[in-house]
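Below: one structure, written as structure tokens.
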Amino acid sequence: MIRFAAMLAALPRDQNALPIYLQTAPETDRDACLTLLNGNRPHRIATLNTITQWAADAAAIPDWLFAASLAASGDKSETAALILPPPIGTPPTLAELLHALATATPITAHATLIALWSRLPADARRIVNRLASGTFRTSLPTAPPSPSPNPQTILAVMTLVQPAIPEITLALWHDGIAIPIARVLLTLQETAEVLAWTRTNTTNRFGPISQVPPTLVFELSYDGTTPNRRRKSGLDLINPRLIALHRDAVAAELHQLAQPFLRP
1 MIRFAAMLAA LPRDQNALPI YLQTAPETDR DACLTLLNGN RPHRIATLNT ITQWAADAAA
61 IPDWLFAASL AASGDKSETA ALILPPPIGT PPTLAELLHA LATATPITAH ATLIALWSRL
121 PADARRIVNR LASGTFRTSL PTAPPSPSPN PQTILAVMTL VQPAIPEITL ALWHDGIAIP
181 IARVLLTLQE TAEVLAWTRT NTTNRFGPIS QVPPTLVFEL SYDGTTPNRR RKSGLDLINP
241 RLIALHRDAV AAELHQLAQP FLRP
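Residue 99 in this note's numbering sits at position 99 of the sequence shown; the count goes up by one each step and never skips.
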């Protein structure tokens, strides 16, 4: 959770903050992060006024000092986070924190927040307060690039062809299923050969699009990735482009789609 709070603090100034977090955080926290940033947030368990009063009670500070702190900050979530005592114990992970908030009820909300506050520093408490009060907002960049070196290349199988353009859909394997990752123009020297192969190997048609067996392997270059919850793969490739047709590659032995964005 502390790492997640630091990542949010860096956005949108540092557009690499989110991709770096997703590459380095534990898998459960990566999934929780994407779920949260895609709009699936915990239900409100208390109003912000109530949460602020609970924090003031827990901090045991006089009313005048609390009022002065709130006037100086101008932010109730921040004030409630700053007036509490320093944290003790091991901080919860992001996944644990979201689970605690999601399962809290009006009866248990106070105890839930007290327990979370006691294990978190102020920056993370502020996020907790906004999640718990339903006021959580993010400044997520429109298209955060991957921090990996550019360009990158992968081998992918062709699954769909739109001959009239011509354009092809490329996919990677995940649990034996070809998951689409990009659509690219077919601009290789072998274009005529690929289209001829498509005509004799089409297994299904969807309007102008032909479905083919996932056996032809292409090398694909791209400049990074960005999350996209609408995609089965959970991501978009930035500036994908064809490099070559790999005649000798075995489609079934290609790399798996194993990354934190995959949407079930």
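Backbone N, C-alpha and C define an ideal beta-carbon position, used for all residues, glycine too.
Is DSSP giving residue i helix, strand or coil here?
i: leucine 18; result: helix
i: serine 204; result: Note that residue 204 corresponds to asparagine in the displayed sequence, not to serine. Three-state DSSP puts asparagine 204 in a strand.
i: valine 250; result: coil
i: threonine 24; result: helix
i: arginine 229; result: coil
i: valine 157; result: strand
i: alanine 95; result: helix
i: isoleucine 88; result: coil
i: leucine 131; result: helix
Using the beta-carbon count (16 or more within 10 Å), is residue i buried or exposed?
i: leucine 65; result: exposed
i: alanine 55; result: buried
i: threonine 225; result: buried
i: valine 128; result: buried
i: glutamate 27; result: exposed
i: alanine 25; result: buried
i: alanine 104; result: buried
i: phenylalanine 206; result: exposed
i: threonine 52; result: buried
i: arginine 137; result: exposed
i: proline 240; result: buried
i: arginine 230; result: exposed
i: aspartate 31; result: buried
i: proline 19; result: buried
i: alanine 182; result: buried
i: alanine 132; result: buried
Going by DSSP, what residue range makes up the beta strand (DSSP E) through residue i?
i: threonine 169; result: 167 to 174
i: phenylalanine 136; result: Premise fails: phenylalanine 136 is in no beta strand (DSSP E) and is neither H nor E.
i: isoleucine 181; result: 177 to 185
i: serine 221; result: 217 to 222
i: serine 77; result: Where serine 77 is concerned, there is no enclosing beta strand (DSSP E), although the alpha helix (DSSP H) it sits in stretches over 76 to 82.
i: alanine 164; result: Careful: alanine 164 lies outside any beta strand (DSSP E) and carries neither H nor E.
i: leucine 237; result: 235 to 237
Regarding residue i and the ligand GDP, is the C-beta to nearest heavy atom distance less than 7 Å?
i: glutamine 211; result: Within the structure as shown, the ligand GDP is missing, as the structure has no ligands at all.
May I ask which residues mark the beginning and end of the alpha helix (DSSP H) holding residue i?
i: glutamate 193; result: 191 to 201
i: serine 73; result: 63 to 73
i: threonine 103; result: No alpha helix (DSSP H) contains threonine 103, which DSSP labels as neither H nor E.
i: arginine 3; result: 2 to 10
i: leucine 36; result: 27 to 37
i: histidine 43; result: Where histidine 43 is concerned, there is no enclosing alpha helix (DSSP H), given that its DSSP letter is neither H nor E.
i: isoleucine 114; result: 109 to 117
i: isoleucine 51; result: 48 to 59
If residue i and residue j are in contact, beta carbons under 8 Å, what's the gap, nearest whole angstrom?
i: serine 210; j: threonine 200; result: With 8 Å as the limit, serine 210 and threonine 200 do not qualify as a contact, their Cβ atoms being about 11 Å apart.
i: leucine 36; j: leucine 97; result: That pair is no contact at about 10 Å.
i: alanine 59; j: proline 85; result: 7 Å
i: leucine 101; j: threonine 112; result: 7 Å
i: arginine 180; j: serine 118; result: The sequence shown places proline at residue 180, rather than the arginine named in the question. Incorrect: roughly 46 Å between the Cβ atoms, too far for contact.
i: threonine 198; j: proline 163; result: 6 Å
i: threonine 191; j: proline 166; result: 6 Å
i: threonine 153; j: isoleucine 243; result: 6 Å
i: leucine 82; j: methionine 1; result: Not quite, the Cβ-Cβ distance comes to about 17 Å (not below 8 Å), so this is no contact.
Grab me the residues of residue i's own chain with a C-beta within less than 7 Å of its C-beta, minus the 5 sequence neighbours each way, in chain order.
i: alanine 178; result: Val157, Thr159, Ala171 and Pro214
i: histidine 110; result: Trp54
i: arginine 3; result: Tyr21 and Ala25
For residue i, which residues from the same chain have a beta carbon less than 8 Å from its beta carbon, with the 5 sequence-adjacent residues on both sides left out?
i: aspartate 248; result: none
i: leucine 155; result: Val217, Phe218, Glu219, Leu220, His246, Ala249, Leu254 and His255
i: alanine 9; result: Asp123
Near residue i, which residues of its chain fall below 6 Å by C-beta distance, leaving aside the five closest residues on each side in sequence?
i: asparagine 204; result: Gln211
i: aspartate 29; result: Thr93, Leu94 and Ala95
i: arginine 130; result: Ser77 and Phe136
Closer than 8 Å, CB to CB, is residue i near chain D or not?
i: glutamine 211; result: The structure shown contains no chain D; it holds only a single protein chain.
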